[in-house]
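Shown next, in structure tokens, is the structure this report addresses.
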Amino acid sequence: MTATTYFRPRHIDKGRSILATLKKSLDYGKNPKKTRDGLLISTYMCDPATADAEFLLAKRQYYYITGREQKRDKNILLYQIRQAFKPGEISPEEANRIGYELAMRFTKGRHAFIVTTHEDKHHIHSHIYFNSTTLDCTGKFDDFLHSGRAIRRLSDTICIENGLSIVENPKPSKGNYGTWLGDEKPPSFQEKLRRAIDAALEKKPSDFEAFLSLMEASGYAVKRGKHIKFTGPGQKRGTRCDTLKGDYTEQAIRERIEGIRMVVSGGGSAFEPATTKVNLLIDIQAKIQAGKGYGYERWAKIFNLKQAAQTLIFLQENGLTEYAALEKKAAETTAAFNALSEKIKQVETRMKEISELQKHISNYSRTREVYVQYRKAGYSKKFLAEHEGEIILHQSAKKAFDALGLKKLPSINTLKQEYAALLAEKKKLYQGYRQARENMKNLLTVKENTDRLLRYSPSAPEQENLR
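Written out as structure tokens, the structure is:
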């Protein structure tokens with residue numbers, strides 16, 4: 383079973399800033415203990431480590447571009463979708479892929495989003511967060527009437543396409559989430575086995591044989607041979623180690639013992655940047671008003687000093703000590719990124735059109751003889767009842783051709799060649815996409831910090847020099 387249990391907008395929390403609210407929401411989803419230390423996270427047009435700051439920057443760009451600003455209680459920061467799956471029917475990796483597809487198809491690629499899949503309970507479920515502000519920062523998501531119902535229908539459609547069962551009448555409220563999925567059920571044997579493996583490895587066995595001895599000591603029967611098999615208490619049939627996949631195959635366990643494969647566990651965050659870079663300055667006053675104490679204030683001041691220094695270094699290294707030059711460069715990199723994004727969208731749109739056209743041409747060819755017989759039968763209702771599926775496919779294909787204004791159908795081979803050329807172009811565009819996004823993000827962050835340091839506002843006179 384799979385179902386979207388709820389879809390809800392996220393407003394600014396009382397007593398919190400916008401960034402703090404975004405961070406709280408996303409940190410819950412990104413919890414390394416629930417997402418296998420971040421392996422079960424996928425994103426679109428944002429980075430897991432900085433998604434909250436990127437969402438915030440998009441909102442500030444929206445204000446600068448449109449001049450529109452909503453009241454605090456009306457301002458929707460992001461939208462959250464929760465999608466749950468029947469225990470034992472899907473792997474966490476597949477659940478994350480389906481969550482990504484749901485987000486992409488629902489937002490039509492117009493909003494940045496992050497998909498976090500949790501495997502800490504017996505039922506696999508994903509939390510999807512997408513920014514309310516569009517990628518081009520000129521609009522916001524239109525939360526239309528019955529949008530939650532539309533998401534559930536789309537979710538069901540995707541699940542059926544992937545051979546998964548669905549809930550006929552799921553209870554959408556947060557309180558009923560565990561009820562209809564059965565939170566009281568014990569974890570599966572595979573989940574218990576993974577936990578036992580982690581517990582054994584935490585004892586730092588010297589080699590694989592020592593690891594197996596620890597597993598036996600914990601109550602598991604171990605069958606050695608070509609394939610290692612574990613049988614837990616109360617389990618009739620054992621579980622082959624390799625069926626666990628990921629960090630729990632025999633090879634993966636050997637690598638973990640030897641220290642070749644690192645699996646982060648416990649309270650450490652997998653999302654802290656490994657290298658020093660420019661981050662957004664903290665609004666200390668807002669934090670103090672939200673209840674932060676003297677210790678936090680002291681830490682935040684040191685943090686802001688470091689970020690101010692990083693900002694200055696960035697400006698000097700890139701020759702942007704003139705404010706006008708910084709402003710121009712930020713605008714240029716944003717325009718370059720948007721142009722590249724638009725080009726990729728155009729290529730992807732054409733690729734989708736080609737795929738649809740190939741499908742219609744194939745259907746048209748396969749059903750043409752049936753439709754000819756249907757016409758010869760004088761559009762007989764009896765004939766229609768017997769061949770309704772073929773006739774509908776044929777009419778649908780013909781309607782698609784008419785909509786495209788096609789008088790002569792292109793050959794499948796020609797369409798395949800065009801698709802291959804577009805795919806190659808898309809791969810080439812994506813080579814520069816990540817760098818363009820990083821450049822834009824860095825410059826917008828530096829500009830935001832510079833504006834704060836100079837107490838700059840859109841209505842204030844321009845600063846001539848940053849030195």
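Residue numbers (my numbering): 383 to 849. Where a beta carbon is used, it is the ideal one built from N, C-alpha and C, also for glycine.
- Between the segment 783-793 and the segment 752-768 there are fewer than three inter-stretch CB-CB distances shorter than 8 Å, so the stretches are not counted as touching.
- Rounded to whole angstroms, the Cβ separation of Ser508 and Asn544 is 14 Å, and the two are not in contact under 8 Å.
- Ala682 and Val828 have their C-alpha atoms roughly 18 Å apart.
- Nearest to Leu826 by alpha-carbon distance, out of Leu663, Phe512, Glu730 and Pro469, is Leu663.
- Secondary structure at Phe523: coil, using DSSP grouped into helix, strand and coil.
- 8 Å or more divides the Cβ of Thr520 from the Cβ of Leu422.
- According to the DSSP assignment, Ala466 belongs to no alpha helix (DSSP H) but to the beta strand (DSSP E) extending over Ile458 to Phe467.
- Partner residues in the beta bridge of Thr613, as assigned by DSSP, are Ala603.
- The Cβ-Cβ distance between Tyr801 and Ile743 does not fall below 8 Å.
- The secondary-structure analysis by DSSP pairs Pro391 across a beta bridge with Tyr461.
- Taking Ile773 as reference, the option from Leu404, Tyr753, Met822 and Pro414 with the minimal CA-CA separation is Tyr753.
- Annotated as distal: Phe523 and Ser537, with beta-carbon spacing of 8 Å or more.
- In the DSSP assignment, no residue is bridged to Ile794.
- Three or more beta-carbon pairs separated by less than 8 Å are not found between the segment 800-814 and the segment 777-787, which leaves the two stretches without contact.
- Here the alpha carbon of Ser600 sits roughly 14 Å from the alpha carbon of Gly616.
- For Val729, no pairing in a beta bridge is given by DSSP.
- Counted as a single uninterrupted DSSP element, the beta strand (DSSP E) harbouring Ile496 occupies residues Phe495 to His500.
- Looking at the backbone, the Cα of Ala440 and that of Asn824 are separated by about 13 Å.
- Glu573 and Thr631 have their C-alpha atoms spaced approximately 14 Å apart.
- If you draw a straight line from the Cα of Arg819 to the Cα of Lys412, it is about 22 Å long.
- Listed in chain order, the non-local C-beta contacts of Asn720 below 7 Å within the same chain comprise Asp518, local neighbours out to five positions each way being set aside.
- Here Gly787 is exposed, its C-beta having fewer than 16 other C-beta atoms within 10 Å.
- Going by DSSP, Thr539 is part of the alpha helix (DSSP H) stretching over Ser529 to Glu543.
- Looking at the DSSP output, Arg622 shares a beta bridge with Lys611.
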